[in-house]
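Structure first, then comments.
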């Protein structure tokens, strides 16, 4: 997916990923370091406790042997413990044992060559023994295994976090990519939509173009089309910036009649019949908003209608219906037709703004809108105006 990104999108993608992985790495280091310290202390306490227990047992045996007029059984001591040991006399001289390093008798616990040595002074001179030294030989191995396990799980977890981070970065950048693609498509479609009427105007008003009624009609239609595109874009900009005019009580049946006359030339071009039945109806709405709502719906009814088709417009009991005999919309696409930039079909031009504007106007003025459509039979839009105060 990174291949399809623009330069700025790649920068955003990798910045997000770096921030996520960097913070996760620091957090993992802190967690594993604390875990290492806890485990290290746990092993240390366990080993020192075992060493102290062994020293206490040896001390008890020495005291018992002294009181029983026996000698020290060094072979028995060596076979009964898994650690190295040494017995020291009054002058700190080693009497017997297999510890081959110099031990500081004055320190209770010391670390020599990576191994811990415990010194116990509980014999108190029995059988000439004043100190017992116990040297462990497994702590370094335990510590190494602990570090290896921590590094293994750190790499494993960080790898999983990296995969999750990549997935989240894609989720993070996807809406931006989709909006950019929609915007690119919108610009392309808008350029095409403007190019068609502008070309028609240029051809009809060129140096050698005759000033006929047909050419004048073509110029009029093209100018109206450009005007509609401009009004939609301006309305969309004002809508996004909350600059819509304040609503007023309008006689909307009169406005509908005006707009039907406006669309006569477009309807005649496709030989369409426009029928209308309008009751006198007042509705509180911004005039430009109502015109945008009505015009975009009727424009689609004309654009996607069949040659020689029919458009029926009725306003009765505060319900506005606009029905056409056009190509229709598939049922599974009806839920998406109000989305910005969405186009249910590519059979005609457009850039997916009209019905989005209609939806937002209906939402702003609490107008309930329903759409029903059948492929190759037509579409009907129903606007219920009864949800707003008269």
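Numbering (the numbering used here), first residue to last: -19 to 370.
Beta carbons: idealized from backbone N, C-alpha and C, even for Gly.
Taken through DSSP and simplified to helix, strand or coil, residue 111 comes out as strand. A distance below 8 Å separates the beta carbons of residue 54 and residue 76. Under the 10 Å beta carbon count, residue 334 is surrounded by 16 or more other beta carbons and is classified as buried. Contact between residue 65 and residue 112 holds, since their C-beta atoms are separated by about 7 Å, short of 8 Å.
Positions of the beta strand (DSSP E) runs, each at least 3 residues long and wholly inside the stretch 242 to 293, are given as 253 to 258 and 262 to 265 in order along the chain. By the criterion of at least three beta-carbon pairs nearer than 8 Å, the stretch 92 to 104 is not in contact with the stretch 129 to 138.
Rounded to the nearest whole angstrom, the C-alpha separation of residue 5 and residue 87 is 40 Å. Residue 316 carries a helical assignment under DSSP once its states are collapsed to helix, strand and coil. Shown here, residue 50 sits in coil according to DSSP, grouped into three states, outside any helix or strand.
Distance from the CA of residue 244 to the CA of residue 264, rounded to the nearest whole angstrom, comes to 27 Å. Note: residue 210 is not bridge-paired with any residue in the DSSP secondary-structure output. Around the C-beta of residue 147, fewer than 16 other C-beta atoms lie within 10 Å, and the residue is accordingly described as exposed. DSSP, read as helix, strand or coil, puts residue 201 in helix.
Contact between residue 291 and residue 359 is ruled out by a C-beta separation of about 10 Å, above the 8 Å threshold. Residue 275 sits close to residue 208, with the two beta carbons spaced by under 8 Å.
Within the stretch -11 to 42, no run of alpha helix (DSSP H) at least 4 residues long lies entirely inside it. The alpha-carbon of residue 83 is positioned some 14 Å away from that of residue 70. Secondary structure of residue 228 (DSSP, three-state): strand. By the CB criterion at 8 Å, residue 339 and residue 363 fall outside the cutoff. Take the alpha-carbon of residue 262 and the one of residue 271: they are about 14 Å apart.
Secondary structure of residue 77 (DSSP, three-state): strand. The beta-carbon separation of residue 289 and residue 305, rounded to 4 Å, stays under the 8 Å limit for a contact. Out of 185, -6 and 117, the CA that lies nearest to the CA of residue 80 is found in 117. Exposure of residue 287 is indicated by the presence of fewer than 16 other C-beta atoms within 10 angstroms of its C-beta.
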